[in-house]
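**Q** Structure below; questions to follow.
Numbering (the UniProt record's numbering), first residue to last: 1 to 106.
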């Protein structure tokens, strides 16, 4: 299993176990992580699973695709480290990943 820590905009954190091959969004929904709404169910058709990737993890996670960048245009308080959690596949290299949820979703 891969451990992922979600930090809320208020600073509280929660670490959950993720199954490699799943998405970060699926993991968040399965574990009822606050701040991840995922209205489109992971189809990259909304921006309600928006997260900020901790700077130490940006290179490992990788950049967003062009389609993801288009959806992030609809996000709230988008930053250079913004990603849609539905587009981040869990893999062993992400063990210890730290993500922050925005104050609100789009």
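Backbone N, C-alpha and C define an ideal beta-carbon position, used for all residues, glycine too.
Touching or not, the region 9 to 22 and the region 31 to 38, by the rule of three or more beta carbon pairs under 8 Å?
**A** As far as the Cβ criterion goes, the region 9 to 22 touches the region 31 to 38, which means the pair count is three or higher.
**Q** By the three-class DSSP mapping on this structure, what secondary structure does residue 29 have?
**A** Counting from 1 along the chain shown, the entry for residue 29 is found at position 29. Note: residue 29 maps to helix in three-state DSSP.
**Q** With distance defined between alpha-carbon atoms, name the residue in 49, 41, 81, 8 nearest to residue 58.
**A** Position 58 of the chain shown holds residue 58. When each option's Cα is compared against that of residue 58, the closest is 81.
**Q** Could you pull out every unbroken alpha helix (DSSP H) segment of at least 4 residues lying fully inside the UniProt domain "2Fe-2S ferredoxin-type" (2 to 105), listed in chain order?
**A** Those alpha helix (DSSP H) runs which fall completely within the UniProt domain "2Fe-2S ferredoxin-type" (2 to 105) and span 4+ residues are 24 to 30, 58 to 61, 66 to 72.
**Q** Taking contact to mean at least 3 C-beta pairs separated by less than 8 Å, is the region 4 to 11 in contact with the region 80 to 98?
**A** Flag = yes, the region 4 to 11 and the region 80 to 98 touch.
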